[in-house]
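Working notes for the structure below.
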Amino acid sequence: MNGKSLLGLLFVLPPLLVLTLLVLWPAVDALRFSLGLVPAGNVNYTTGLDLIRSDHPTLAVFSRLVSNVAFGRDLRLTLFVTVTATALLTALAYSLALYGRFHKGRSTELVRTLYLLPMFIPTIIAAYAITTFYGDNGLLEALLSKVGLGYTSPIRLPWGIVLGQVWVGIPFAVLMLSSGLDGIPEEQIDAARDQGAPFWTILTRLVLPLNLVPLLIVLTFSFIGIFGSFTVPYLLGPTAPTMLGVSMQLNFGAFRQPQVAVALAVFSFAVCAVVGYLYVAATLRQNRGRA
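Position one of the sequence shown corresponds to residue 155 (the numbering used here), numbered consecutively onward.
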C-alpha cells in the first residue's frame, strides 16, 4: 500500500468508525432485540415489560405486534398521512417550481421567498403556529365567525398532520424540483414552442421526462421522512390512533415496552428500505435507457 492509499484510508477511517459505533452497532443490537435476543448488559432493554426472550432468533415479537389491533390502526393512519401528504406536497411543490421556472416578474421572487420561509422556522414552532391559526378558537375560526360561517378544525384530525407535513416539506421539494427544471435547456423548450406545442404538451412530453429523477427523489425522501416522523404527528392530529413514530416513543417511554418500540422501528426501517430500493431501481432503469 502506497502513501496516498494509506492517507486516503486514514481520512475515511474516522467517519467509518463513527458510523459503526453510533449507527450500525446499535442497529444490529436493536434487530437482535426485536428477534427475542435480549442483551443482558442493556438495562433499558432488560427492565422492559412483556419481554419475549429466546435463545435463538424468533419472529414472536413481530407476530404479537401484527396481531395487535392498535398497531393496525396506527399503521393505517401512518399510511394515509404518508401517501396523502406526499401526493399533496409533490403536486404543490411542482406547481410552485413550474411557476418559478416559466413565469418572470416580481411575483416570482415573492413566491420563492414564501416557499423558502418554512426552512427557517423550527418544526415545533410551525406546529404551534398552525394550531393557533387553524385550531379550535383559532384565528381562522374567529374570522369566519365574523361573517356567520361555521368551522370545524382539522388540527386534531389526520388532516392536521397532513397540513403540518406539507408545510415542513415544501422548501426541500420545491428546491429539488426547481434545480431539475433549471437544468432543462431553454433551446428545447423554445423549439417545442416554435412547433406550436401548447404548455400541457411541453409539460408532459418534455419537462416531466427530463425532470424525472428530481421528482423521484422528492417522492422517495418525502415518503420516508413523513413515514417515520415524530414532531409533527406528536403535536398535531388525533391522540389515538397515532402515527408509528409517536407510537415508538409511547411504547419506549410511557408504556415501558422497549421491545415493541424496537420492533416498530425495525418494521418502519423495512418499509422505508423497500421504498428506497424502488427509487434506486427506477433510477438505474432510467440511466440504462439513456445509455
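C-beta: ideal position from N, C-alpha, C; glycine also.
inquiry  = At 4 residues or longer, what runs of the alpha helix (DSSP H) sit wholly inside the segment 288-375?
reply    = Counting only runs of 4 or more, we get 293-300, 312-336, 340-348 and 353-356.
task = Quick one: using the 10 Å Cβ neighbour count with 16 as the cut-off for buried, is Ser333 buried or exposed?
result = Exposed is the label assigned to Ser333, since fewer than 16 other Cβ atoms lie within 10 Å of its Cβ.
ask   = Are the segment 224-243 and the segment 197-215 touching by the rule of at least three beta carbon pairs closer than 8 Å?
value = As far as the Cβ criterion goes, the segment 224-243 does not touch the segment 197-215, which means the pair count is below three.
ask   = By how many angstroms is the C-alpha of Ala346 removed from the C-alpha of Asn365?
value = Distance between the alpha carbons of Asn365 and Ala346: 16 Å.
ask   = Closest to Gly323 by CA distance: which of Gly391, Ile380, Glu295 and Val416 is it?
value = Closest in alpha carbon position to Gly323, among Gly391, Ile380, Glu295 and Val416, is Ile380.
request  = Sort Gly382, Pro395, Val400 and Leu191 by Cα distance to Tyr388 and report the nearest one.
outcome  = With distances taken between CA atoms, Tyr388 lies nearest to Val400 out of Gly382, Pro395, Val400 and Leu191.
task = Could you name the residues of the same chain whose beta carbon sits closer than 8 Å to that of Thr244, not counting the 5 residues immediately before and after it, in chain order?
result = Only Ala327, Leu369, Val372, Leu373 and Ser376 meet the Cβ criterion.
message = For a test of the three-state rule: what should DSSP assign to Phe406, helix, strand or coil?
response = Helix.
request  = Return the Cβ separation of Asn402 and Ser383 in integer angstroms, given the expectation that the two are a contact with Cβ distance under 8 Å.
outcome  = Residue 402 is actually Met in this sequence, not Asn. Contact doesn't hold; Cβ gap of about 11 Å is too wide.
request  = Enumerate in chain order the residues of its own chain whose CB-to-CB distance from Pro272 is below 7 Å, with the five nearest sequence positions on each side excluded.
outcome  = Same-chain partners within the cutoff: Ala280, Trp321, Val322, Ile324 and Pro325.
task = Decide if Ala417 is buried, meaning its Cβ has at least 16 other Cβ atoms within 10 Å, or exposed.
result = Classification for Ala417: buried.
task = Please determine, among Arg439, Val434 and Val425, the residue with the shortest C-alpha to C-alpha distance to Arg233.
result = Looking at the sequence itself, residue 233 is Leu, so the reference to Arg does not match. Out of Arg439, Val434 and Val425, Val425 has the C-alpha closest to the C-alpha of Leu233.
key: Where Thr240 falls, given that 16 or more other Cβ within 10 Å makes a residue buried   = The residue in question, Thr240, is buried, as its Cβ has 16 or more Cβ neighbours within 10 Å.
key: Secondary structure of Thr393, DSSP reduced to three states   = Coil.
message = As a quick exercise: from Leu362, Ser249, Val197 and Pro276, pick the residue whose alpha carbon is nearest that of Val265.
response = Closest by alpha carbon: Ser249.
Per-residue burial, Ser422 [other beta carbons within 10 Å of its own, 16 or more giving buried] = Counting of Cβ neighbours within 10 angstroms places Ser422 among the buried residues, the total reaching 16 or more.
query = Thr358: which of Leu171, Leu252 and Gly195 sits nearest, CA to CA?
reply = Out of Leu171, Leu252 and Gly195, Leu252 has the C-alpha closest to the C-alpha of Thr358.
Under 7 Å between C-beta atoms of Ala247 and Leu331 = Contact: yes.
message = For Gly190 and Arg207, which I take to be in contact (beta-carbon distance under 8 Å), what is that distance rounded to the nearest angstrom?
response = Confirmed, Cβ separation roughly 6 Å.
query = Does DSSP put Arg442 in a helix, a strand or coil?
reply = The answer is helix: DSSP assigns Arg442 an H, G or I state.
Segment limits, alpha helix (DSSP H) that includes Asn222 = It is not in any alpha helix (DSSP H) - Asn222 carries neither H nor E in the DSSP assignment.
key: Leu335 versus Ile278, Thr201, Pro312 and Arg255, residue with shortest Cα-Cα distance   = Nearest of Ile278, Thr201, Pro312 and Arg255 to Leu335, Cα basis: Arg255.
query = Would you report the Cα separation of Val182 and Pro308, rounded to the nearest angstrom?
reply = For the pair Val182 and Pro308, the Cα-to-Cα distance works out to about 40 Å.
ask   = When we look at the beta-carbon of Asn405 and count the other beta-carbons within 10 Å, is it buried (16 or more) or exposed?
value = Asn405 is buried by the Cβ-count criterion.
query = Considering only C-alpha positions, which residue in the set Ala184, Val414 and Pro312 is nearest to Val220?
reply = The residue with the shortest Cα to Cα distance from Val220 is Val414.
ask   = In whole angstroms, what is the alpha-carbon distance linking Tyr433 and Gly407?
value = Answer to the nearest angstrom: the Cα atoms are 34 Å apart.
task = Output the distance between the C-alpha atoms of Leu231 and Gly350, rounded to the nearest integer angstrom.
result = Approximately 46 Å between the Cα atoms of the pair.
query = Where does Phe187 land, buried or exposed, given buried means 16+ other C-beta within 10 angstroms?
reply = Within 10 angstroms of the beta-carbon of Phe187 lie 16 or more other beta-carbons, which makes it buried.
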